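Here the structure comes first, spelled out in structure tokens, and everything after it is commentary.
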Amino acid sequence: MDYSTFNINNFFIKKDSTLPELKYPLTQHTMEQYDITPDMLENVAVTTSMINTNTGIYRIANAAGNLVINNNRLEYPDEVQYTLIYRFKLPQTAKAGRYQAEFVIDFLGNENCGKIKLPVNGYINIIISDSITKTTVI
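Quick note on numbering that gives the first Met the number 0: the sequence shown kicks off at 0 and runs consecutively.
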């Protein structure tokens, strides 16, 4: 299966931007591989972390993310039912550079306590590039 349409390896955003949102697909294949069932996803906490690859300093540490059920089948293939999403805040994109990010899902149910870090193999590479425009809302 080709997941290149999700561009899950690299994410680009301009300095001082809050959009686009960082999205990571939770595919049916991943759910089966790690024994994640839809009922386990009913009671979870999603967090996101992002670290500067040059300095090792966290830009985002365990910030709240979201788990969204995908109803738009035109944008997402049938096997992607869930998407992990994080929306940046202005201070988090204030410095251009290269970063690595990951999502953590904490399963909060009584029987299914545990956590998984996604992507499992590696990180999401985030590139915050300089912008030629500076705006101030008055």
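Heads up, the beta-carbon is just placed ideally off N, CA and C, and yes, glycines get one too.
Values in this document were obtained by computation on a predicted structure and should not be read as measured data.
{"Query": "Assign Ala63 to buried or exposed, taking buried as 16 or more other Cβ atoms, counted over all protein chains shown, within 10 Å of its Cβ.", "Result": "exposed"}
{"Query": "Is Tyr85 closer than 8 Å to Val67 when the C-beta atoms are compared?", "Result": "no"}
{"Query": "Is it buried or exposed, Ser48, if we count other Cβ atoms within 10 angstroms and call 16 or more buried?", "Result": "buried"}
{"Query": "Taking the beta strand (DSSP E) that Met49 belongs to, which residues open and close that run?", "Result": "Val43 to Asn51"}
{"Query": "Taking the beta strand (DSSP E) that Gln99 falls in, what are its first and last residues?", "Result": "Gly96 to Phe106"}
{"Query": "Report yes or no: do the stretch 10–21 and the stretch 36–45 share at least 3 C-beta pairs separated by less than 8 Å?", "Result": "no"}
{"Query": "Under 8 Å, do Val103 and Thr26 count as touching if we go by C-beta distance?", "Result": "no"}
{"Query": "Buried or exposed: which applies to Arg58, given that a residue is buried once 16 or more other Cβ atoms fall within 10 Å of its Cβ?", "Result": "buried"}
{"Query": "Whole angstroms is fine: what's the gap from Tyr2's alpha carbon to Asp34's?", "Result": "With a pLDDT of 38 at Tyr2, under the threshold of 50, the predicted position of this residue should be treated as unreliable, though the coordinate-derived value follows. Rounded to the nearest angstrom, the two C-alpha atoms are 20 Å apart."}
{"Query": "Work out the CA separation of Lys14 and Lys116 for me, nearest whole Å.", "Result": "26 Å"}
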